[in-house]
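The structure appears below as structure tokens.
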Amino acid sequence: MPTAPPETDAAPTARTLPVFALGMALSLFLEIAYLLCVAGYYAFPSLPIEHTALGVFLPGFRELTWASFGLGLAESFVWGWFVALTFGPLYNYFASRWP
Numbered sequence: 029m030p031t032a033p034p035e036t037d038a039a040p041t042a043r044t045l046p047v048f049a050l051g052m053a054l055s056l057f058l059e060i061a062y063l064l065c066v067a068g069y070y071a072f073p074s075l076p077i078e079h080t081a082l083g084v085f086l087p088g089f090r091e092l093t094w095a096s097f098g099l100g101l102a103e104s105f106v107w108g109w110f111v112a113l114t115f116g117p118l119y120n121y122f123a124s125r126w127p
């Protein structure tokens, strides 16, 4: 029967955010949102489509080509990690200072 690993000092407490899990969750969330936006462009072709909305947050995204699609997917993943690596340690810092 497997047992739970012993608690160590490196294990996150209930008040800290595990930055790796946060990074993966945010990155996949942003990729899913990006895929839904791209699917919306194809699902409703009669609506006026402004690709500039994605271009604001995803530098280099111009129109729906395979290269631009791949770039947008990669940038969505990077943005998730940027937020996690910025927000996670800040949250953990302040959570450890205030009760």
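Counting the sequence shown from 1 gives a position; the working numbering is that position plus 28.
Yeah, the Cβ is synthetic: ideal placement off N, Cα and C, and Gly gets one too.
Could you have a look at P87 and say whether DSSP puts it in helix, strand or coil?
Here residue 87 refers to the residue found at position 59 when the sequence shown is read from its first residue. P87: coil per DSSP, three-state reduction.
Between S74, N120, L82, which lies nearest to L58 when the distance is taken from Cα to Cα?
In the sequence shown, the residue the question calls residue 58 occupies position 30. That would be L82, whose Cα lies nearest to the Cα of L58.
Helix, strand or coil for L45 per DSSP?
Taking the sequence shown and counting its residues from 1, one reaches residue 45 at position 17. Residue state, collapsed to three classes: coil.
Drop a sphere of 10 angstroms on the beta-carbon of F89, count the other beta-carbons inside from all chains shown, and report buried for 16 or more, exposed for fewer.
The sequence position of residue 89 within the sequence shown is 61, counting from 1. Taking all protein chains in view, the Cβ of F89 is crowded by 16 or more other Cβ atoms within 10 Å, so the residue is classified as buried.
Suppose contacts are defined by Cβ-Cβ distances below 9 Å. Is V66 in contact with L92 by that definition?
Here residue 66 corresponds to residue number 38 of the sequence shown, with the count starting at 1. Here residue 92 corresponds to residue number 64 of the sequence shown, with the count starting at 1. Yes, these two residues count as a Cβ contact at 9 Å.
Taking 8 Å as the cut-off, is the CB of R125 close to at least one heavy atom of the ligand FMN?
With respect to the ligand FMN, the structure shown offers nothing to examine, as it has no ligands at all.
With C-beta atoms as the reference, is L86 less than 9 Å away from Y70?
Here residue 86 refers to the residue found at position 58 when the sequence shown is read from its first residue. Here residue 70 refers to the residue found at position 42 when the sequence shown is read from its first residue. No; because the gap between Cβ atoms is not below 9 Å, this pair is not in contact.
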